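Take a look at the structure below.
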Amino acid sequence: MAHCARVPLLLLSLLSGHVPWTLGFNLDTDEPVVKKGPEGSHFGYSVAQHQIMHHGISVVRENVLIVGAPKSENPYQQWVALPGAVYKCRMTTNDRDCRIVQVDTADIAEDRNRTGQFLGATVRSMGPGGKVMACAPKYRDVYTRGKVKVWERGRCYQLNQELVPDIHHTSQGIWNLCDDLPAGHAMYGYCHLGTALEFSHDGQDVMIAAPGAFHWTGMMFVTSMSDLSLDLTVYQSGRANFDDFGLDTSSLLGSSLSSGFFRAGELEYVAGAPRAGDIGAVVFFAKTYFELEVRLVMHGYQVASAFGFAICGLDLNGDGLTDLAVSAPQYTDSNTGGAVYVYINGAKGINGSDPIVLTGPRSSMFGYSLIDAGDVNMDGFNDLVVGAPYEDNGAVYLYLGNQHHGLSTTSSQKIMASDLLVPGLKSFGFSLSGGLDLDENGFPDVAVGAFESDHVILLRSRTTLTIEAKISGPTYPVDPKRRTCDLNGKSYTCFQIKFGFRYSTSSPFDNDIDLTYRLDGDSIYHDWGLGPRLFFPGEGKSVFEGSVRVPRQGAKTWAERTITAYLKVATVVQSLFCDHEHPDTMAILHPLRVNLTWALWKPSSNNKLFSVPGYRLSSLDGRPILNLLQRQYKKVEIDFVKECGADSVCISNLKLQAQLLLFGNPPTFSLGSSREIRAEIQVDNEDGEPAYNTELRVHLPERLFYAGMIEHSSGQTRVSCRTVEDNSSVVICEIGNPVSKSSIQLFTLRLLTTMLRPWDTSLKIPLTLTTMSSDSNTSDNSVILKAKVVVDVDLSITGISHPRQVLYGGEQRGLSAMEYQAQIGTAVNHTYVIRNHGRGTAPGAVVRITWPYEIQNTQLHPNGKLLLYMTDVKPGDRPRLLTAPRQGTIDRQRWRVHVSRTLRKKADAREPRSLEDDFEEDDFEEDNFEEDDFEEDDFEEEDYFEEESGEANPDPYKERQIEGVVTLDCMSGTARCFEFNCTLDTLLVNRSVVITVEARLWNTTFTQEYPSASHVDILSHAEVELVKNFENMQQSRSFNDKASVLTKALPESRPVSLAEQVEVWAVLLGLLLGLLLLLLIALCLWKCGFFRRVSVREQYEAKYYTATKIPRAKVIETNFSPSYYESSIYDASKYETSFQ
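With mature numbering (1 follows the signal peptide of the UniProt record, and there is no 0) as the guide, the letters of the sequence shown map in order to residues -24 to -1, 1 to 1116.
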């Protein structure tokens, strides 16, 4: 029994376009077996097929479904709230006959630990007569010592084949592998043991996952299921090197499990980690020294796609090696919602080739569950079923395995929840189980869970029949002028068509079957929209339909029929004597094609028998299905007698000429220069009679493909080309039909070259011309086209110095007084750029660099003096150093390069500087800066570069110093150089790589040797050479494979020209004139009133005291005394004071 699906409890919160509909295959949707659980119990969260066997014999006693309902009430645990339950469902039509199985016989005192334990989240069966496991991943340990602590460790229960607790096993029916291990989030406190569980492919081991261990990093246990095993060790997945494989915290390793023989003879265990590195991963383990060792890690392809959520190991192509299907249900694209990656195993290993990618419609969670369904159609190859529970109300897809590609990329059957006519069905495809024949018809069935509606559906496989058909026509060409048959008082040309049927199947089915058949006469003309050239008796149509009873396969006899066909006189005979310009109207030039199709006879829907609820399942033997992988048609072609003289024998004289449209002798094709090459073909019929059914067969070499045809003949198209259906390397061109006397057919074949590789050194294309006519000379009917394939690579190298000009001079230091690289001299970088300008990819190249490190030996300096001191070679991203520079040239440990900002300012003031820029940040800053590199005295306000000991050796030969321009070059013998190589890997067309040599100008040498020189030119050289891995590689141009880089060094104390000298009096005069001009401008502005400002008082008076004319008011006489006035004034001031 195959189980690969996993519905991880821990990811339930994470996993909260249209696939084309395909014809149904042999999973029956008319009479599914439906089982319904208590409402809201999550019945169908997990499901497993199981067979109870008779003791001592391999005979099935009972077929059952084991269903998990993790939120169900449980009569065996009455004092526990929603502990979950495991149900046993019989194969009947009663949808309510499932019964709870007692899986736990523990003491009642432990009931408090079972509340919400999610029992039934995982159920698995080892197969016929095997053990059964059921898990409760949220089973809790409650500690009451001091502070109450609750740890969800999880627990699994083992049952025997009778579904009774297996108390006689060493485990006593309980697997609590995390209970005795250290608690805590960082350890085993939240193991969630049993979130996923699988039995190994060899049927010996059980794999139990604990994805909550170690802060949800996850782990897996593997141990033997047999008490007779010599190895009862519980193997654990070690965590020592998890970080090296990207398995960090929250990876959820163990969310899904599988196993298989991914290497010949070696069993490996596989665990999914859907959150590893945010993209997911699949990890392969093998047993070693009491633990599981990581063998391989395959990572996902999209962030947050949950790659590894479900995995399934199965042999899809029948080669004996286990293939692997990995789902990523949260994969999203424009119209995609979920993906399944199928890795076909082979000589290169499980990850040796790109996977086959299956995708589902948007928001469908395609790939939420996976199973090995067994060989559903009995073609010898296992098949894969994929669940998409959120496509509408759910769907499952069936993909058939095959020998050629491993798996068909198009589903052979898609079953929607709505196809089953089950009321309220929802989340159909959430869980899956397959591989067992529960209705015992010889074909494995598929069980599908739908937990949101508390359903489980068993889809039974119908018997698949393979029909063998035959059809034949007359053995001679039909002569339309010979009318030997009478029909309804008229004479016709007639002939007989014979056909027959028989069937085969790999199941026990052995009954007679009824087939309906259909003969379509003259399908060629029907496809062209022309009237048929024949008819059958009866209604006088070109279609004949009937039925036939085919004997049972044990009889091994054919059911045969013979039908007479008649030619239509007006269509065929007229064409013999009329001159038709359009070739399609010449009826005799095209054979008669008669197609035979067939199907199983189906009774009317009124006669359909339905199962009676509560009884045993009805047999599906009465409703077999045809093998849809087989083409349900046959054809026969019938030729006409042609008008070729008195003897009706056409004698032609065909001649074939062909050439490849390439230059060179022999013709040469440069790989990558064009997407296609063209072959020009000419067919002549020199003084011969018409050549009928002329065909040109072209056999293309590997990785050369047919792309199309261009016809050059005038008038209507007379040439058509196609590839052979089962062999794309063979091209057949139908020419003329007929190729008339003295005619020429000229056309060009377009051949695609994009798949050619560098190891394809030559092309050989045989062409053969055939005809149904007799050819008087066949020696010129064959041609072999040959061409040479070359890889045209053009590697160029260019170089540049940065900076291009530098200064030298200042203080001279001896080697013993130097501690920092900056004290050597100015930094100089020589950068070389290598580029591929050719049409082909360069498989590799070697760059040889010649570096000037000393001036040439002289009588004064027999050992030479340092010139450009190399500090590093940075070969970019892709080149690598092949031959290192000679010992002592690069001494990275000799120099200290960490300098604080304060000290760097001092260095800038002391050190010779570049003409183009100051020192770059990279010259003094490193990633590994440490303050301990400096002493406190290093930051005193004194000359940091003052040497404690050692000074530059004074040069006693200053009177022989050189003036003018000095060139230091290895090629001219003025410098000593060493060579080192850098090798390049694959270099694509129009791509570049960069190699930078970092060095410093040895200031002391230049200050002593060339203080009076105008400037010093220093040159390095580089050369690139192609590595020819294949004999057909060539370097198209050789003048651009060498380069030189020049750095110009100038002394700091060079004489200043008169143009650069400015007198002091000129500067003072300029300043004085500027001041006078400023005073003059200020005087003019003052005269214009620019500096005059209006006072604040004037502005206020102008705004508030503007005079306006007020009408004269009437005088009102009143009497008041001054004392009254004064009191009023007093009162007002008092009021104002109080207001304030």
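Where a beta carbon is used, it is the ideal one built from N, C-alpha and C, also for glycine.
Keep in mind the model is a prediction, meaning the values are calculated, not measured.
Neighbourhood of Tyr468 by C-beta distance below 8 Å, restricted to the same chain and skipping five residues each side: The residue given as residue 468 occupies position 492 in the sequence shown. Taken in chain order, the residues that qualify are Arg459, Cys461, Asp462, Tyr542, Leu543 and Val545.
Alpha-carbon to alpha-carbon, Cys620 and Asp560: As a working mapping, residue 560 is identified with position 584 in the sequence shown. As a working mapping, residue 620 is identified with position 644 in the sequence shown. Interpretation of Asp560 is limited by its pLDDT of 36, a score under 50 that renders its predicted location unreliable; the figure taken from the coordinates is listed afterwards. Roughly 19 Å separates the two Cα atoms.
Which residues DSSP lists as bridging Met392, in chain order: Translated into the one-based positions of the sequence shown, residue 392 becomes position 416. Answer is Ala371.
The segment 504 to 514 contacting the segment 527 to 536, beta-carbon criterion three pairs below 8 Å: No: fewer than three Cβ pairs fall under 8 Å.
Identity of the residues DSSP links to Cys111 by a beta bridge: Counted from its first residue, the sequence shown places residue 111 at position 135. Its beta-bridge partners are Thr98 and Cys132.
The segment 795 to 811 touching the segment 937 to 948, judged by at least three CB pairs closer than 8 Å: no
Proximity to His806 [Cα-Cα], best of Leu576, Ala1019, Met109 and Asp348: Counted from its first residue, the sequence shown places residue 806 at position 830. The residue from Leu576, Ala1019, Met109 and Asp348 with its alpha-carbon nearest to that of His806 is Ala1019.
Chain-order list of residues whose beta-carbon lies under 6 Å from that of Gly400 (same chain, five-residue window excluded): Translated into the one-based positions of the sequence shown, residue 400 becomes position 424. Closer than 6 Å at the Cβ level, and outside the excluded window around Gly400, lie Ser429.
Beta bridge counterpart(s) of Trp151 as assigned by DSSP: Taking the sequence shown and counting its residues from 1, one reaches residue 151 at position 175. DSSP, once it has assigned bridges, lists Cys132 as partnering Trp151.
As assigned by DSSP and simplified to three states, the class of His191: Within the sequence shown, numbered from 1, the residue matching residue 191 stands at position 215. In this structure, His191 counts as helix in the three-state DSSP scheme.
Counterpart residues of Cys65 in DSSP-defined beta bridges: Translated into positions along the sequence shown, residue 65 becomes position 89. According to DSSP, Cys65 shares a beta bridge with Leu41.
Short Cβ contact (8 Å threshold) for Phe477 with Ile447: Stepping through the sequence shown from its first residue, residue 477 is reached at position 501. Stepping through the sequence shown from its first residue, residue 447 is reached at position 471. No, the pair does not count as a contact, with Cβ atoms beyond the cut-off.
Distance, Ala575 Cα to Ala186 Cα: By 1-based counting over the sequence shown, the position of residue 186 is 210. By 1-based counting over the sequence shown, the position of residue 575 is 599. Take the alpha-carbon of Ala186 and the one of Ala575: they are about 52 Å apart.
Proximity below 8 Å, CB of Leu95 to CB of Gly60: Counting from 1 along the sequence shown, the entry for residue 95 is found at position 119. Counting from 1 along the sequence shown, the entry for residue 60 is found at position 84. Going by C-beta atoms, Leu95 is nearer than 8 Å to Gly60.
Local conformation of Gly350 per DSSP, three classes: In the sequence shown, residue 350 corresponds to position 374, counting from 1. If DSSP states are grouped into helix, strand and coil, Gly350 belongs with the strands.
Any non-hydrogen atom of the ligand COA within 7 Å of Val823 CB: As for the ligand COA, it is missing from this structure, which has no ligand bound.
Phe954, DSSP secondary structure in three states: Taking the sequence shown and counting its residues from 1, one reaches residue 954 at position 978. Of the three classes helix, strand and coil, the one that applies to Phe954 here is strand, per DSSP.
One or two residues paired with Glu444 in a DSSP bridge: Residue 444 sits at position 468 when you count from the first residue of the sequence shown. Note: Glu444 sits in a beta bridge opposite Arg478.
Helix, strand or coil at Gly400 according to DSSP, with G and I counted as helix: Reading the sequence shown from its first residue, position 424 is the one you call residue 400. Here Gly400 sits in coil by DSSP.
Euclidean distance between Cα positions of residue 1117 and Glu678: Since the first residue shown for the chain is -24 and the last is 1116, residue 1117 is missing from the structure and cannot be characterised.
Distance between beta carbons of Gly248 and Gly222, contact taken as under 8 Å: Walking along the sequence shown from the start, residue 222 turns up at place 246. Walking along the sequence shown from the start, residue 248 turns up at place 272. Incorrect: roughly 14 Å between the Cβ atoms, too far for contact.
Within 8 Å, strictly: CB atoms of Glu974 and Thr847: As a first step, residue 974 is located in the sequence shown; it is residue number 998 there, counting from the start. As a first step, residue 847 is located in the sequence shown; it is residue number 871 there, counting from the start. Yes; because the gap between Cβ atoms is below 8 Å, this pair is in contact.
Where the beta strand (DSSP E) containing Ala535 begins and where it ends: Working through the sequence shown from its first residue, we reach residue 535 at position 559. Membership of Ala535 in the beta strand (DSSP E) is indicated by the continuous run Ala535 to Leu543.
Cα-Cα separation between Val823 and Ser988, rounded to whole angstroms: Taking the sequence shown and counting its residues from 1, the one referred to as residue 823 is at position 847. Taking the sequence shown and counting its residues from 1, the one referred to as residue 988 is at position 1012. For Val823 and Ser988, the distance between alpha carbons rounds to 36 Å.
Beta bridge counterpart(s) of Gln799 as assigned by DSSP: As a position in the sequence shown, residue 799 is number 823, starting the count at 1. Its beta-bridge partners do not exist; DSSP assigns none.
Complete runs of the beta strand (DSSP E) confined to the segment 275 to 317 [at least 3 residues]: 287 to 290 and 299 to 308
contact_flag[the segment 387 to 399, the segment 338 to 345] where n(CB pairs < 8 Å) is 3 or more: Touching, no, given that fewer than three Cβ pairs across the two stretches are closer than 8 Å.
Glu652 - partner residues in DSSP beta bridges: Sequence index remark: in the sequence shown, residue 652 carries index 676 (1-based). According to DSSP, which records beta bridges pairwise, Glu652 is partnered with Leu728.
Within 8 Å, strictly: CB atoms of Thr724 and Glu671: Position 748 of the sequence shown, counted from the start, is the residue given in the question as residue 724. Position 695 of the sequence shown, counted from the start, is the residue given in the question as residue 671. No.
Residue from Leu1047, Lys631, Gln180 and Lys517 with nearest C-alpha to His502: To locate residue 502, count along the sequence shown from 1; it is residue 526. For His502, the closest alpha carbon among the candidates Leu1047, Lys631, Gln180 and Lys517 is that of Lys517.
Helix, strand or coil at Ser429 according to DSSP, with G and I counted as helix: As a position in the sequence shown, residue 429 is number 453, starting the count at 1. In the structure shown, Ser429 sits in a helix (DSSP, three-state: H, G or I).
Counterpart residues of residue 1131 in DSSP-defined beta bridges: Any property of residue 1131 remains undetermined from this structure, which presents the chain solely from -24 to 1116.
The segment 809 to 822 touching the segment 1001 to 1010, judged by at least three CB pairs closer than 8 Å: yes
For Thr983, three-class secondary structure by DSSP: Here residue 983 is taken as the residue at index 1007 of the sequence shown, counted from 1. DSSP places Thr983 in helix when its eight states are reduced to three.
Those residues which DSSP pairs with Glu267 across a bridge: Counting from one through the sequence shown, the residue named residue 267 turns up at place 291. Gln212 and Thr264.
Assumed close pair Gln180, Met196 - CB separation to whole angstroms, cut-off 8 Å: As a position in the sequence shown, residue 180 is number 204, starting the count at 1. As a position in the sequence shown, residue 196 is number 220, starting the count at 1. About 16 Å separates the Cβ atoms of Gln180 and Met196, ruling out a contact at the 8 Å cut-off.
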